[in-house]
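Asker:
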Amino acid sequence: MSFTVAVDGPAAAGKGTISRAVAAHFGFGHLDTGLLYRAVGARMLAGDKPIEAALALLPDDLERPELRTAQVAQAASKVAVIAEVRAALVDFQRAFARRAGGAVLDGRDIGTVICPRAQAKLFVTASAEVRAQRRLQELMAAGNPTSYAEVLEDVKARDARDTNRSESPLKPASDAVLIDTSALTIDEAVTMAIAAIDARR
Numbered sequence: 001m002s003f004t005v006a007v008d009g010p011a012a013a014g015k016g017t018i019s020r021a022v023a024a025h026f027g028f029g030h031l032d033t034g035l036l037y038r039a040v041g042a043r044m045l046a047g048d049k050p051i052e053a054a055l056a057l058l059p060d061d062l063e064r065p066e067l068r069t070a071q072v073a074q075a076a077s078k079v080a081v082i083a084e085v086r087a088a089l090v091d092f093q094r095a096f097a098r099r100a101g102g103a104v105l106d107g108r109d110i111g112t113v114i115c116p117r118a119q120a121k122l123f124v125t126a127s128a129e130v131r132a133q134r135r136l137q138e139l140m141a142a143g144n145p146t147s148y149a150e151v152l153e154d155v156k157a158r159d160a161r162d163t164n165r166s167e168s169p170l171k172p173a174s175d176a177v178l179i180d181t182s183a184l185t186i187d188e189a190v191t192m193a194i195a196a197i198d199a200r201r
C-alpha cells in the first residue's frame, strides 16, 4: 500500500534535508522534484528548448553534477514558470508518488498540484536571510565563491518568481503542517516532520 508525503517550501528552507531524513526513517522512496526542473534548466543552458528538454528527460539527467550550481538553479526557476514544462513532468512525479512502500516528494507544488491527496503534507520555510546564509555556505563549500548580498538577492528573486507565477505558484496546501526552520537544528526539524507524519498514518 502506498503512502505519500508531500513536502513543499522555498529554496534553502531545508525541505530536501528533511525529506531525505524522513524517507530514510520510514523506508520510503525519495524524489527531489526540483532536480527535474534543474535538469531541464541545465539542458536549456546547453541549447535545448525547455519544452523539448522536459519531454526528453531521462533518469540519468538527474545525476549530473552541475545541477547544484547557482546558474542552473536560476535556469530551473525560469523554466518552472512554463506551463508546458510543468505538464510534461507531472506524470513522472505522480507515478513516483504511487510507488509501493511509500514515497516522499519535495518541491514547490507537491501538496497543492502534484499530490493534492497526499496522506501527509509539510510546508518547510525559513526567513530569506537565513536561507541566503545557508545557500552561501553550500556554494562556498562547493568552490563557487560569491557574496551574501548576491545570494540574498537571488533568493528573493526566486521567491518572487515562485510565489507569483500563474502556473502552480508556491504556497502551503490548506492542510499542510508548517515547519519554520529559521531557528531549528536539523534534528529538531526532522523530529517535527516525523511527528507530523506519524499523526497522519
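Be aware that the sequence shown starts at 1, since it is given in UniProt numbering, and climbs by one per residue.
Think of the CB as a built atom: it goes at the ideal place given N, C-alpha and C, for glycine as much as any other residue.
Quick caveat, the model's predicted, so the values are computed rather than measured.
1) Grab me the residues of VAL177's own chain with a C-beta within less than 6 Å of its C-beta, minus the 5 sequence neighbours each way, in chain order.
2) Determine the direct distance from the alpha carbon of THR112 to that of HIS25, and round the result to whole angstroms.
3) When we look at the beta-carbon of GLN137 and count the other beta-carbons within 10 Å, is it buried (16 or more) or exposed?
4) Quick check: the Cα distance between ASN164 and ALA100, rounded to an integer number of angstroms?
5) Comparing alpha-carbon positions, which option in ALA183, ILE186 and ALA173 lies nearest VAL5?
6) Identify every run of the beta strand (DSSP E) within the stretch 102–165, keeping only runs that are complete inside it and at least 3 residues long; order them along the chain.
7) Whose C-beta lies closer than 7 Å to the C-beta of ARG54 among residues of the same chain, with five residues either side of it excluded?
8) Which residues in the same chain have their Cβ closer than 6 Å to the Cβ of MET192, if we skip the five residues on either side of it in sequence?
9) Of the choices ASP198, ILE194 and ARG201, whose alpha-carbon is the least far from that of ARG20?
10) For PRO116, tell me which candidate among ARG134, ALA126, ARG135 and GLN93 has the shortest Cα-Cα distance.
11) Under a Cβ-count criterion, where at least 16 other Cβ atoms within 10 Å of its own Cβ denotes burial, should LYS15 be classed as buried or exposed?
12) Mind pulling the alpha helix (DSSP H) runs of 4 or more residues that sit fully within the stretch 42–92?
13) Whose CA, out of LEU31, GLU150, ALA56 and HIS30, lies closest to the CA of ALA42?
14) Quick one: using the 10 Å Cβ neighbour count with 16 as the cut-off for buried, is MET44 buried or exposed?
15) Does DSSP put ASP198 in a helix, in a strand, or in coil?
16) Can you check whether the CB of ARG131 is closer than 9 Å to the CB of ALA13?
17) ALA21 bridges to which residues according to DSSP?
18) With distances taken from CA atoms, which of LYS171, LEU36, GLU150 and LEU62 is nearest ALA76?
19) Mapping the DSSP letters down to three states, classify ASP175 as helix, strand or coil.
Answerer: Checking against the coordinates, here is how it stands:
1) LEU122 and ALA196
2) 24 Å
3) exposed
4) 35 Å
5) ALA173
6) 103–107 and 120–125
7) The sequence as given places Ala at residue 54; Arg does not occur at that position. The residues are VAL40, VAL85, ALA88 and LEU89.
8) ILE179
9) ILE194
10) GLN93
11) buried
12) 50–55 and 70–79
13) ALA56
14) buried
15) helix
16) yes
17) Per DSSP, none; premise fails for ALA21.
18) LEU36
19) coil
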